[in-house]
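Each remark here refers to the structure printed beneath this line.
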Amino acid sequence: MSYETTPDGIANLPFSRGKVFRTLDDYLAWRKELGAQDAPWYDEVAPGVYQLWGGRRPRDAQPPTFTRAQLLAEFGFTE
32 MSYETTPDGI
42 ANLPFSRGKV
52 FRTLDDYLAW
62 RKELGAQDAP
72 WYDEVAPGVY
82 QLWGGRRPRD
92 AQPPTFTRAQ
102 LLAEFGFTE
């Protein structure tokens, strides 16, 4: 992915709709808000452990799980 670090935060993230995010928590809150509009979103299921809900996958498939460190690295955040 081609995310852009700007003075205001990280831009060009999936489902960002032109928004720029300073922290991973801000971005994940935005994604959860978009979940009501059928966009995939992350839910913290244990401290520092997130599952990705929504999106296209077989009905019986478990949602993928990510650590906070994985999401920080994936989306280019430092905090």
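The working numbering applies: residue 32 is where the sequence shown begins, and numbers increase by one. Glycine included, every Cβ here is placed at the ideal spot set by N, Cα and C. Predicted model only: the values in this text are computed from it and were never measured.
What do you get for residue i, buried or exposed, if any count of 16 or more other CB atoms within 10 angstroms of its CB means buried?
i, result
"ARG156", "It is not possible to answer for residue 156, since the shown part of the chain is limited to 32 through 110."
Is residue i helix, strand or coil when you go by DSSP?
i, result
"ALA60", "helix"
"GLN101", "helix"
"LEU55", "helix"
"GLY40", "strand"
Which stretch, first to last residue, makes up the beta strand (DSSP E) that contains residue i?
i, result
"GLU75", "72-77"
"TYR34", "No beta strand (DSSP E) holds TYR34; DSSP gives it neither H nor E."
"VAL82", "Residue identity differs from the one stated: residue 82 is Gln in this sequence, not Val. Residues 80-84."
Restricting to Cα atoms, I'd like to know which of the options is closest to residue i.
i, options, result
"LEU83", "LEU102, ASP74, ASP91, ARG90", "ASP74"
Keeping to the same chain, check which residues put their C-beta closer than 6 angstroms to that of residue i; ignore five residues upstream and five downstream.
i, result
"ALA42", "GLU35, VAL51"
Within the same chain, show all residues whose beta-carbon is closer than 8 angstroms to that of residue i, passing over the 5 residues directly before and after it, in chain order.
i, result
"VAL80", "THR96, PHE97, THR98, ARG99"
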